[in-house]
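Right, one structure below, let's go through it.
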Amino acid sequence: GTTSSSGGTPSKGGTLVIDNESGTLWACGFNPLNPNDASFAFGPVYEQLVYVNLLSGKQTPMLASSYKWSSDNKTLTFTIRSGVKWSDGQPFTADDVLYTFNLIKSNSALDLQSVWSVLSGVSKQGSDQVVMTFQSPSAPSFYYIAGQQPIVPQHIWSQIKDPVSENDAVPIGTGPFLVAQGGCTPQNIAYTRNPHYWQPGLPYLDKVNYPAFTDNDPANQYLATGQAQWGGQFIPNIDTYWVNKDKANRHYWFPPIQNVNLFMNLTVKPLDNKLVRQALAFGIDRGKVSKIGEYGYQPAGNQTGVVTPTFNDWYDSNQAAKYNYKFDPAKAQSLLQQAGLTKGSDGIFKDSSGKRLSFTVISISGYTDWTASLQVVADNLKQAGVEVKEQDFSHDDYFNKLFTGDFQLGYGSLSTSPGPNPFYELRNTLYSQTTAPLGQTASGDYGRFNDATTDKLIEQFTATTDSAEQHKIMKQIEGIVLEQVPVIPVTESVSWYQYDTKVFAGWPTKDDPYAAPAPWNIPDWEQVMLRVHKK
Amino acid sequence: MAATIKQQPILQTVGLTRHFRVGSLLSRRYLHAVDDVNLTIGGGQVVALVGESGSGKSTIARLLALIYRPTAGEIFFKGQRLSERRSRRDVLEYHGRVPMVFQDPYSSLNPVYPASHALMRALKLHQPELSHPARRRAAEEILASVGLTPPATFLTKYPHELSGGQRQRIGFAVALACSPELILADEPVSMLDVSVRIGILNLMAELRRLKSVSILYITHDIASARYVADQLLVMYAGHVVESGPAEDVLAHPKHPYTQLLLSAVPDPRAPLTSMPAADVGEPPRVVDPGEGCRFRWRCPYAIDVCSTDTPRLRELRPSHTAACHVATSDMETARA
Amino acid sequence: MGLDVRLIADQTAARADEVRPQAGALRLVGAALRHNRKALAGAIILGLFVVVAIIPGILAPYDPHAQIFDQTLPPSGAHLLGTTGNGQDIFSQLIWGTRESLAIAIVAGLMATLLSVLIGVSSAYLGGSGDHVLSLLTDVFLVLPTLPLMIVLAAYARGGGLAVLIVVIVITGWSYGARQLRSQALSLRHREFLDAARSRGERGFYIITAEILPTMTSLIVANFLGAALYAVLAAAGLQFIGLGNPSDMSWGTMLFWAENNGALNAGSPLWAIVPGLCIALLGAAFALLNYAFDEISNPALRPVRRRR
Amino acid sequence: MIAVKPLLEVDDLTVDYDADAGAVRAVDQVSLQVAPGEFIGIVGESGCGKSTLLYAIARLLSAPATIAGGSVRLKGRDLLAMDEEALREIRWRDYSLVMQSAMNALNPVLTVGAQLRDTIDAHDAIPKEESPNRSAALLRMVGIDPVHLKSYPHQLSGGMRQRAMIAMALVFTPELVIMDEPTSALDVVAQRSLMLQIKELQRRIGFAAIFVTHDMSLVSHFSDRLAVMYAGQIVELGKTRDLFDDPKHPYTRALMQSFPSISGPKATLQGIPGSPPDLAHPPAGCRFAPRCPLVEPRFRVEPPAMVAIGSTLVRCHLYGRDH
Amino acid sequence: MRYLIRRLEFFVVTLWAAVTLNFILPRLLPGGPEVALRTRFHGRINPATVKSLEVALGIHSDQNLLQQYVSYLGNMLRGDFGVSLGFYPQRVSYVIMLALPWTLGLVGTATVIAFVLGTLIGIFGAWRRGGVLDSLLPPVFVVISAFPYFWVGLLTILIFAVTLGWFPQAFGSSSEVTSEFSWPYISDVVYHSILPAFTIVLTSIGGWILTMRNNMITTLAEDYIKMARAKGLSTSRIMFQYAARNAILPNLVGFAMSLGFVISGALLVEIVFNYPGLGTFLLQAVNNEDFSLMQALFFLITFAVLLAVLAADVLTAWLDPRTRERA
Ligand SMILES: Nc1ncnc2c1ncn2[C@@H]1O[C@H](COP(=O)(O)OP(=O)(O)OP(=O)(O)O)[C@@H](O)[C@H]1O
Ligand SMILES: Nc1ncnc2c1ncn2[C@@H]1O[C@H](COP(=O)(O)OP(=O)(O)OP(=O)(O)O)[C@@H](O)[C@H]1O
Ligand SMILES: [Mg+2]
Ligand SMILES: [Mg+2]
């Protein structure tokens, strides 16, 4: 719905300014199939078939007006919306969809979501239907195929010689906004209204400015001085820094979306021992980590691996209560003793060969909240008799170590983006099909957890589209995570989101979570840009 | 006269030449500082080397002191080729036998050490067998012998606490540290005041007399050369243009440059004379000079052959040679 | 002398040519302190920091790392400068941070000076092709963009801690001094006392170490002061952009943390202001000493008392 | 003694250098008169205050030097009492200066012509369009080809530079030219030639000259009168010939005995033992007393006064009233 | 002329050495583009894709180091810096051109201002020894120049931008003004540059004041200054034509170097002021392990420094006739 929070018809016009530190200046490319550019093009300019709310999984038809699964869940048929135009005025058709999927099939570098790892074919049916056939049932792939794949215009892209290195400086999409010639400079992208947009009356805004911030502090100051209205920022001491300067209008909401974990390499002794992993889980004061490391803005995680409260309806509180992983150094120590370790004179446990229970935890340099968090973790675990030392690497090196299993402990989130329910994250965390032998690149399961039951459950989940069934399977997976502790969720990373209601209304809120609210939640931000309007 | 050369000269050079590279990698040019110099210094002899500024006098001294390596030519020390003396011991011995005294008393002593530092080092290098107290005693003796008394006080003084003359005496003291046979004295008095100059000249005469060392006395002051030297060598632009017994050269200068030089020496006792025509202070060309007499641009007697052939030294009077195409044995000086 | 390139004309030409009677670095510094108010001010600041660096345990009330207090507390009796956004005592951090900041300045300053002396003086003394190669090396390092080079090097050895930081600063910081020292040594080359040493048979090593170096004391001391100043600023800059080891305790990392927690705006401005001020003060101490030192080694630069 | 009215009168001029250790009295009560057209030589050892005296006369001293007393009158006007603006007026027109080393005294980045023009323009004495001609004429006068107007100082040889300096000093045909060792950077041949040139110019133009040197023999033929300085004081002042033929002061006498000659019989010379006193702590009595062969104990405590013997002035106890 | 040829020699040799170092340095970094690509694709990239991307990026991991070096040298000579990994698919030259004008404009101007102002203060200070310019400003600015300038920047932002609101605290221009050659745009750019430029000037002027003052003092003791006074030249003529013109000579090359370092030195200022300049790109390139961008920036900076030095040499040769013929 397009109801405004203040009632009445939303007025048109206005310029919204986004405030989000991206760490880079704009290179002004808008190729939605390029990993660097997609986050500026996908959403407001290029659209997908179906919008799937990252927080709730709620679906909104976009370029597909409807879809249908076959009974065996191996074929997915989209009905393509009619009356949609590209921003250059050309009509949008099912051929564009077909073209897009074939394009990413023939240029695997463009297949950012690896949809062709599950698809076997795409074909047109009638004039307005596109049929996707799957190699095997893969219901969760719907999110990637329908919700994460931008559709590009055939009449433009078929002219492009090398779509992989295409810059697409003046993008032609179906979305509510476009970037005009000269609309992008290294320090600002100006999204202006697409006159051909298919949703009548939308968007309300004339223009959205997206300035480039290379560092957090200038971005925060910009927001604090009221020059931007929509923030996606971590702001330390946000009440002092930002809210108090205009209490009536400045609000924030940080819905959690993904776990920040302590990854354990299960090939490293004694981390292969379940008891040791459980001990670690008991040895971390998640509440304090959240408070000190993240100012309490990122809530503490829980050992089920389900991000709460976002995915509360998937969360099995009974099982969680049974295990009751809270900070308990005594319990941790007794578990370690059970595991056959003995406490040394320095307070650190030792194995039978005298090797100290000391680990290096890798982290990303410059991620100061993680470093602060790890200082708490190290302090906690010391009380449990475990020594942890931090070592920082650049973003790329860090992930390379995780991918190839070249680590003992790692702090952080999956490199893959989360999905609209806990399955997406847990699959990539636990599924042994995503892992790889040490030294080779794993796309998930960095800890090399290998459990047949888990794999089976994940495959079952994949094969069904029945929500009740899915919930049942998920509970079993949660039980495994609680028991096996293949990974320790410490805090929950959130969708940083600040909004200023002085001029604009229609924001997503806790009570109306119509989209993941941060401007960097792609493609959810399109929904926000569609709904926000002048008061 | 003292021109009696003993059986073997102390030092002899044959075709001694030194060029300096100037300019960049792309344009290599050579400055001929010293070209084809043959000189002989006998035992107990004082040889004076005179010439205008930049004529290569110091370069010769530095070549002889092994500070520069010759571009060509050979130095013989007591008949032995220096290029064959390679070992540290031999080289050190040569340094001890042929020490050098420098022109500038203000910069030839390291300002951070007491003035006696150089002397003590020299003793340590050349008489390593001496113990520390023995070295002190030796140093005091040497200081006394160059007229620095009481010697003990001079052991601790810093150069800036000494006058120019005293520093130059220290210079000679260093040279005496190891029974020298030839002292290379490069303009030892040119930076001193007239009032103390003569003291140093007398000291040189003294040393020659008492220790029978030879001295190569480099100067541009012909009067002082006459005062101390037996032999006189006149240099111009890297060439030796005239050489012979000092009195004879002064009385019968053969080379036009020598004549010019002599006529320019101020002499309060002589009547004022006007200058010969070639008095322009034009510096000679020494960068890639090519063949020909290097004095020809200033020479009143220059003839065609002067610009094509480099004149060789010819004996024009007994043991008195000059390198000039024009000069003859009976041509008389312009001074008359 | 062939390719005798002079990239930087000697800005201290006057100093480079002068060789004055000077007796040892210590006496020079002593003279500086007695006669020069700027030197005295610099020395007092530096001295204070040295004392703090030696006994941080006595002065600091708390463990600087311990995240045990409430976050972002304002200054109070218990927390003289308040607490950080991570719940640490700022004053204790400042005290403990002195040690590393000072260590970087002094160690890096010394090492860079040593390298400058080594390369600059040997270059001048060797002459010829040896000089060519060393001069070229010096010039290349002069021309190479220092800050980027530092960033690349620091990134290369990311999180390597103090030693890496110092090495990076030394690598990028020696060349200026080397050039200055070379040109002074070159001007010394024509001093006759070196020829005198050579003509009495001294070895090259002796001439460099015992005849040349002592006469360059004042330039070497000045160089050290300059290099230390450079080290202070470079280390602060590197740590500020997160290329130090953030778990080290120094003023630069304090600033890094403060910046990342928006300290200036988020209610704990002292967290950013005070370490910055300390860096500035330490830098100023070196700059003042250097300034005063210039005046001492070159009397022409001394302040004049105006008579009328 | 001097019949005509003197051009320059220096009376009891005293100059101090402020140093850390206390004042150095570099010029001590020097009195000197220069008649128009007269060539007066000042000789003395290094550091005896010759240059300081000259610069004090020209009012060119700067800190740490201060004029502690005395007066300098040029054509009756007291130079020491003038302010900078008034001085600027008469500088170079009434008196000019030739310095020891033209290499240092000529601005290395301006051509000789530009520096000449600068001087001319500063005084607006000559119409602008005439100044090139004037410059060329000047150079020709000292024997330099006017093409060198376009040359930079370093492109000239040492002798030419000194000549150019002299040309510059004569731009406005001043009545007094002060010369501080103008030839001592040159070798004998060039030195000789330059001296002859100076003398010739002086004869033609008629300026008076104060000529400082440390080489007595150099001025022997050129100066009318000679002043011998020792340790900041003039110890003997008289006709050049008189001084050479019959030196009065023991110091002058010793000086005459200390340079060898290229003619005449070879004799052993003695020189002067010891060295000049430290001007920061000069001896109490006669300054030459510590080196004087004729010293008496009294001389060491009482400073001698100037005594006139004929046309010669001597600062020596030996010629005092009670001797 | 010979002097300039010699300088040219130096220019070429140094450039070569620097360029070679540029080649080696990034190759010392751990990881490399392959790792970067893999993380960028979250580990879900197949080897064939990596290969095809490497080709697109101009990375030839199959060549040996020497071959790479040769083709690298060739590319540098042609000014072909390849494709940026961090901004893929943009070409490096395109990325650089985005930021170059900003950096040149801001820091170039600030450096020139600092140099001119500092030099003038130095000249007048030395001329009136003991005056305010001489006894107060040099020590004050020397102390200020010891301040870390990112910190000074942070404080100026806090005071003048955030608290007082007189100036913007970020960006090179406001997003509401279109970039065109017009008064509103230019004034907007100038307005945005005032604070960062002020920071640079404040922290760098001390050096210029001091060196110029010291050179002046040394020069003022020269005989030709005494001579100029004796000639009765006017004060300004002595001060500028005789003293300052000689005293500034040794500073020119130093100035050229700092002008050349504009690009790199701006880094911290750009970060603090969120200025869209090359420094920011450089830090990003390092963090992204963006080889080609890093190399290009290095090359550019080195080249700029050398060019500036060469220009200073020409200027020196023009101002100082002695250098023209010095062998
Ligand atoms: N190390 C050097 N490099 C280049 N040229 C040199 C070097 N040493 C001397 N020369 C040149 O060689 C020539 C002769 O110099 P030398 O010092 O021997 O002259 P000199 O007769 O001693 O002069 P002076 O009377 O001024 O001492 C000069 O032109 C000088 O410039
Ligand atoms: N700036 C100064 N500070 C202190 N003392 C000085 C200064 N300049 C000169 N003197 C002293 O003043 C005395 C006279 O110096 P001056 O230069 O006039 O001597 P001079 O006769 O011209 O010597 P020279 O023949 O070497 O040129 C010297 O003893 C010198 O030490
Ligand atoms: Mg010589
Ligand atoms: Mg003098």
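Chains as they are written, first to last, in our numbering: chain A, 13 to 547; chain B, 1360 to 1695; chain C, 1206 to 1513; chain D, 2 to 324; chain E, 2 to 328.
Quick reminder that beta carbons are idealized off the backbone N, C-alpha and C, glycines included.
Handout entry: Proximal residues of chain B, C-beta to C-beta of C/Phe-1498 below 9 Å
Key = Reading the third sequence from its first residue, position 293 is the one you call residue 1498 of chain C. Ordered by position in chain B, no residue passes the 9 Å Cβ test against C/Phe-1498, which lies about 17 Å from the chain.
Problem - Terminal residues of the beta strand (DSSP E) in which D/Ile-211 lies - result: Here residue 211 of chain D corresponds to residue number 210 of the fourth sequence, with the count starting at 1. Unbroken beta strand (DSSP E) run through D/Ile-211: 209 to 214.
Practice task
Have a look at the DSSP bridge pairing and note the partners of A/Leu-88.
Solution key: Working through the first sequence from its first residue, we reach residue 88 of chain A at position 76. According to DSSP, which records beta bridges pairwise, A/Leu-88 is partnered with A/Trp-81, A/Met-144.
Handout entry: Residues of the stretch 225 to 243 of chain A whose Cβ lies closer than 7 Å to any Cβ of chain C, in chain order
Key = Asn-228, Asp-229, Asn-232, Gln-233, Ala-236
Problem - Same chain only: Cβ atoms within 7 Å of C/Leu-1391, ignoring 5 sequence neighbours per side - result: As a position in the third sequence, residue 1391 of chain C is number 186, starting the count at 1. These residues qualify, in order along the chain: Ala-1329.
Exercise for the section: Starting from the C-beta of A/Gln-239, find all residues in its chain whose C-beta is less than 7 Å away, skip the five residues before and the five after it, and write them out in chain order. Expected result: As a position in the first sequence, residue 239 of chain A is number 227, starting the count at 1. Around A/Gln-239: Val-29.
Exercise for the section: Say yes only if the C-beta of D/Ser-132 is nearer than 7 Å to one or more non-hydrogen atoms of ligand 3, and no if none qualify. Expected result: Position 131 of the fourth sequence, counted from the first residue, corresponds to residue 132 of chain D. Not so, every heavy atom of ligand 3 lies at least 7 Å from the Cβ.
Handout entry: A/Asp-49 - DSSP class collapsed to helix/strand/coil
Key = Counted from its first residue, the first sequence places residue 49 of chain A at position 37. Reduced to three states, the DSSP call for A/Asp-49 is coil.
Exercise for the section: Spell out a yes or no on whether the stretch 54 to 73 of chain D and the stretch 13 to 23 of chain D are touching, meaning 3 or more CB-CB pairs, one atom from each, closer than 8 Å. Expected result: yes
Practice task
Starting from the N-terminal side, write out each stretch of the beta strand (DSSP E) that is 3 residues or longer and does not extend beyond the stretch 1379 to 1407 of chain B.
Solution key: 1388 to 1400
Practice task
Pull up the distance between the alpha-carbon of E/Phe-142 and that of C/Thr-1351, whole angstroms please.
Solution key: On the fifth sequence, residue 142 of chain E is found 141 positions in, with the first residue counted as 1. On the third sequence, residue 1351 of chain C is found 146 positions in, with the first residue counted as 1. Near 23 Å, if we compare the C-alpha coordinates of C/Thr-1351 and E/Phe-142.
Handout entry: Unbroken beta strand (DSSP E) run spanning B/Gln-1590, endpoints
Key = Along the second sequence, one-based indexing puts residue 1590 of chain B at 231. From DSSP, the beta strand (DSSP E) with B/Gln-1590 extends over 1590 to 1595.
Handout entry: Secondary structure of C/Arg-1384, DSSP reduced to three states
Key = The sequence position of residue 1384 of chain C within the third sequence is 179, counting from 1. In this structure, C/Arg-1384 counts as helix in the three-state DSSP scheme.
Handout entry: Test item: CB-CB of A/Asn-261 and A/Asp-512 under 8 Å
Key = Mapped onto the first sequence, residue 261 of chain A falls at position 249. Mapped onto the first sequence, residue 512 of chain A falls at position 500. Yes, the pair counts as a contact, with Cβ atoms nearer than the cut-off.
Practice task
Compile a chain-ordered list of the residues in the stretch 223 to 254 of chain E whose CB is closer than 9 Å to at least one CB of chain D.
Solution key: Glu-223, Asp-224, Tyr-225, Ile-226, Lys-227, Met-228, Ala-229, Arg-230, Ala-231, Lys-232, Gly-233, Leu-234, Ser-235, Thr-236, Arg-238, Gln-242, Tyr-243, Arg-246, Asn-247, Leu-250
Handout entry: Sequence-ordered residues whose beta carbon comes within less than 6 Å of a heavy atom of ligand 1
Key = B/Phe-1379, B/Leu-1390, B/Ala-1392, B/Gly-1410, B/Ser-1412, B/Gly-1413, B/Ser-1414, B/Gly-1415, B/Lys-1416, B/Ser-1417, B/Thr-1418, B/His-1579, B/Val-1645
Handout entry: Proximal residues of chain C, C-beta to C-beta of B/Asp-1463 below 9 Å
Key = As a position in the second sequence, residue 1463 of chain B is number 104, starting the count at 1. Result: Arg-1396, Glu-1397.
Practice task
Mind checking the stretch 259 to 274 of chain D against chain B and listing, in chain order, the residues whose C-beta falls within less than 8 Å of any C-beta there?
Solution key: Ser-259, Phe-260, Pro-261, Ser-262, Ile-263, Ser-264, Gly-265, Lys-267, Thr-269, Leu-270, Gln-271, Gly-272, Ile-273, Pro-274
Problem - Per-residue contacts from B/His-1454 into chain C (C-beta, under 8 Å) - result: As a position in the second sequence, residue 1454 of chain B is number 95, starting the count at 1. Ordered by position in chain C, the residues that pass the 8 Å Cβ test against B/His-1454 are Ser-1404, Arg-1405, Gly-1406.
Handout entry: Same chain, Cβ closer than 7 Å to C/Pro-1279, neighbours up to 5 away in sequence not counted
Key = As a working mapping, residue 1279 of chain C is identified with position 74 in the third sequence. So the list reads Gly-1287, once near-sequence residues are dropped.
Handout entry: Where C/Gly-1262 falls, given that 16 or more other Cβ within 10 Å makes a residue buried
Key = Taking the first residue of the third sequence as 1, we reach residue 1262 of chain C at position 57. Exposed, since its Cβ has fewer than 16 Cβ neighbours within 10 Å.
Handout entry: Below-8 Å beta-carbon distance, C/Ala-1401 vs any chain B residue
Key = Residue 1401 of chain C sits at position 196 when you count from the first residue of the third sequence. Closer than 8 Å to some Cβ of chain B, the Cβ of C/Ala-1401 qualifies, so yes.
Handout entry: chain E contact residues for C/Val-1426, given Cβ-Cβ distances below 8 Å
Key = Looking up residue 1426 of chain C in the third sequence gives position 221. Those within 8 Å of C/Val-1426 in chain E number zero; the least Cβ separation is about 17 Å.
Exercise for the section: Below 8 Å on the Cβ atoms is my guess for A/Tyr-222 versus A/Asn-200; work out the distance and round it to an integer in Å. Expected result: Translated into the one-based positions of the first sequence, residue 222 of chain A becomes position 210. Translated into the one-based positions of the first sequence, residue 200 of chain A becomes position 188. That belief holds up - the Cβ atoms of A/Tyr-222 and A/Asn-200 are roughly 7 Å apart, short of 8 Å.
Handout entry: Three-state secondary structure assigned by DSSP to D/Asp-12
Key = Numbered from its first residue, the fourth sequence carries residue 12 of chain D at position 11. Strand at D/Asp-12.
Exercise for the section: Report yes if the C-beta distance between E/Tyr-305 and E/Leu-294 is below 8 Å; otherwise report no. Expected result: As a working note, residue 305 of chain E is residue 304 in the fifth sequence. As a working note, residue 294 of chain E is residue 293 in the fifth sequence. A small correction: the amino acid at residue 305 of chain E is Ala; Tyr does not occupy that position in the sequence shown. No, they are not a contact pair.
Practice task
Let me know if A/Gln-403 comes out buried or exposed under the rule of 16 or more other beta-carbons within 10 Å of its beta-carbon.
Solution key: In the first sequence, counting from the first residue as 1, residue 403 of chain A sits at position 391. Buried: at least 16 other Cβ atoms inside 10 Å.
Exercise for the section: Count the C-beta pairs between the stretch 310 to 318 of chain E and the stretch 5 to 20 of chain E that are closer than 8 Å, then say yes if the count reaches three, no if not. Expected result: yes
Handout entry: Whole alpha helix (DSSP H) elements within the stretch 380 to 452 of chain A, 4-residue minimum
Key = 380 to 395, 407 to 416, 434 to 442
Handout entry: Collapsed DSSP secondary structure at A/Gln-171 in the structure displayed
Key = Here residue 171 of chain A refers to the residue found at position 159 when the first sequence is read from its first residue. Coil at A/Gln-171, not helix or strand.
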